[in-house]
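Counting in the working numbering, the sequence shown runs from 403 upward without gaps.
What follows is one structure encoded as structure tokens, with my remarks underneath.
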Amino acid sequence: MKITFFSTKPYDKEFFKKENEKFGFELEFYETHLGPHIANVIDNTDAVCVFVNDKVSAEVIKELATKKIKVIALRCAGFNNVDLEAAKAYGIKVCRVPAYSPEAVAEHAVAMLLTLNRKTHKAYNRVREQNFSLNGLLGYDIHGKTVGIIGTGNIGRTFAKIMMGFGCKIIAFDVIANRDLEAMGVTFLPLIDIFNQSDIISLHCPLTEQTHHIINKESLAMMKKGVTIINTSRGGLIDTKAAIDALKLKQLGYLGIDVYEQEDKLFFRDLSNNIIEDDTIQRLMSFPNVLVTAHQAFFTEDALQQISAVTLDNVSNLLNNKNLTNKAAMLA
Ligand code: NAD
Numbered sequence: 403m404k405i406t407f408f409s410t411k412p413y414d415k416e417f418f419k420k421e422n423e424k425f426g427f428e429l430e431f432y433e434t435h436l437g438p439h440i441a442n443v444i445d446n447t448d449a450v451c452v453f454v455n456d457k458v459s460a461e462v463i464k465e466l467a468t469k470k471i472k473v474i475a476l477r478c479a480g481f482n483n484v485d486l487e488a489a490k491a492y493g494i495k496v497c498r499v500p501a502y503s504p505e506a507v508a509e510h511a512v513a514m515l516l517t518l519n520r521k522t523h524k525a526y527n528r529v530r531e532q533n534f535s536l537n538g539l540l541g542y543d544i545h546g547k548t549v550g551i552i553g554t555g556n557i558g559r560t561f562a563k564i565m566m567g568f569g570c571k572i573i574a575f576d577v578i579a580n581r582d583l584e585a586m587g588v589t590f591l592p593l594i595d596i597f598n599q600s601d602i603i604s605l606h607c608p609l610t611e612q613t614h615h616i617i618n619k620e621s622l623a624m625m626k627k628g629v630t631i632i633n634t635s636r637g638g639l640i641d642t643k644a645a646i647d648a649l650k651l652k653q654l655g656y657l658g659i660d661v662y663e664q665e666d667k668l669f670f671r672d673l674s675n676n677i678i679e680d681d682t683i684q685r686l687m688s689f690p691n692v693l694v695t696a697h698q699a700f701f702t703e704d705a706l707q708q709i710s711a712v713t714l715d716n717v718s719n720l721l722n723n724k725n726l727t728n729k730a731a732m733l734a
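Here is the structure:
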């Protein structure tokens with residue numbers, strides 16, 4: 403049985419080849435995104451394996467169906483990039499990795515917060531230039547601050563527990579309140595109260611029609627002046643132009659993003675010798691109080707090992723008409 407991978411990097415090949423010693427699939431790797439331009443190269447394959455920026459549209463799924471693909475396996479948790487209705491219509495099964503090391507992503511959100519708050523990225527460069535002055539490095543204590551979490555699933559809940567250890571007051575919004583977190587002292591409130599009361603807001607909900615641009619001109623205006631926002635979830639949660647306006651007004655005090663609405667044209671590539679045409683990201687990166695990382699929150703050895711193990715287990719089960727080990731992995 404053969405799996406064809408798209409958007410692969412050297413580390414994907416390394417982890418999947420090692421894990422595949424237990425499964426014995428034939429593996430084929432392409433660096434390019436999956437899209438209508440490339441679907442024709444798929445030949446004699448049982449499953450395709452895709453990542454966050456592969457656009458698995460109805461058009462692509464139709465082509466996959468003609469190639470007799472049985473499974474689309476996402477090697478990530480989010481699935482906003484796959485047309486699930488089209489997959490169902492063509493009888494192609496779709497699976498994902500619902501929970502691989504939520505700690506990897508939650509810890510990266512904390513790393514972004516601490517970098518912005520204590521300006522360690524600036525201190526690192528400054529000291530290397532033998533500039534030992536502290537001017538401009540003034541931070542704030544995280545202890546005692548109110549942290550608002552939007553989405554308390556695997557990652558949001560892990561982030562909440564870490565921030566409790568810092569001595570923060572945790573408030574949260576989710577479409578389903580989490581009883582375990584409530585028992586630990588987290589207060590679930592309406593979204594508007596999260597916007598009004600938080601000193602720090604961290605986004606951990608999926609990108610859906612309801613959450614698209616959840617951070618926008620109106621919600622930013624409701625927030626405390628100087629609020630810190632961290633987004634390790636999906637770029638489309640933030641209206642980037644509204645965030646830029648709020649940064650200029652100093653309404654938004656700090657912004658840490660690991661994801662960006664137009665990231666598919668930028669992230670996971672070395673563009674250091676290119677002219678970047680996206681003026682929005684260039685403007686964002688010009689702010690001293692904005693930290694951008696290129697979708698690396700998941701990128702730990704522990705997470706990559708789990709991603710490859712769960713993905714191959716999913717494909718093996720689906721191709722052998724068995725139930726998935728984790729029901730939440732099944733999307734269509
Ligand atoms: P999850 O499914 O465990 O949790 C998502 C939570 O969001 C659920 O509790 C759900 O009820 C809640 N939710 C759904 N709609 C909502 C809404 N309208 N408002 C508020 N909450 C809502 O997912 P997870 O594993 O915690 O992942 C969260 C997101 O993180 C994923 O959707 C993915 O986009 C992103 N992610 C990013 C990276 C990265 O490397 N940056 C890695 C993994 C996941």
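Even for Gly, the Cβ is constructed at its ideal location relative to N, Cα and C.
Since we're looking at a predicted model, the values are computed, not measured.
The C-beta distance from leucine 539 to lysine 521 rounds to 5 angstroms, short enough to meet the 8 angstroms contact threshold. Here the stretch 704-718 makes no contact with the stretch 664-678; the two share fewer than three CB pairs at distances below 8 angstroms.
Listed in chain order, the non-local C-beta contacts of glutamate 461 below 7 angstroms within the same chain comprise Pro438, local neighbours out to five positions each way being set aside. Glycine 553 has its CB nearer than 7 angstroms to a heavy atom of the ligand NAD.
The C-beta separation of leucine 693 from threonine 517 comes to about 6 angstroms, placing the pair in contact by the 8 angstroms criterion. The DSSP-derived three-state label of leucine 609 is coil.
Counting C-beta pairs closer than 8 angstroms gives three or more between the stretch 598-606 and the stretch 548-568, which meets the contact rule. For isoleucine 617, the pairing in a beta bridge is given by DSSP as Ile640. When Ile646, Asn633 and Ala479 are compared, the shortest CA-CA separation from histidine 510 is found for Asn633.
In chain order, Tyr502 and Ser503 place their CB closer than 7 angstroms to the CB of glutamine 708, counting only its own chain and leaving out the 5 sequence neighbours on each side. Taking 8 angstroms as the cut-off, the beta carbon of aspartate 448 is found closer than this to the beta carbon of lysine 404.
Inter-residue distance for lysine 627 and asparagine 580 is about 29 angstroms (C-alpha atoms, whole angstroms).
Put simply, the stretch 543-553 does not touch the stretch 487-500. Fewer than three CB pairs are less than 8 angstroms apart. Straight-line spacing of the CA atoms in isoleucine 551 and serine 635 works out to 12 angstroms.
In this structure, glutamine 708 has its beta carbon at no less than 7 angstroms from each heavy atom of the ligand NAD. Going by C-alpha positions, phenylalanine 590 is about 5 angstroms away from alanine 574. In terms of Cβ geometry, threonine 682 and lysine 643 form a close pair [threshold 8 angstroms]. In the DSSP assignment, no residue is bridged to glycine 567. Within its own chain, the residues whose Cβ lies closer than 7 angstroms to the Cβ of tyrosine 542, once the five positions on either side in sequence are excluded, are Asn519, listed in chain order. The beta-bridge partner set that DSSP reports for phenylalanine 431 consists of Phe407.
Within 7 angstroms of the C-beta of leucine 539 there is not a single heavy atom belonging to the ligand NAD. DSSP assignment within the stretch 667-722 yields the following whole alpha helix (DSSP H) runs of 4 residues or more, N-terminal first: 681-687 and 703-721.
For cysteine 497, DSSP records a beta bridge to Ala475 and Met732.
Boundaries of the beta strand (DSSP E) around threonine 630: 629-633. The beta carbons of aspartate 601 and valine 629 sit closer together than 8 angstroms.
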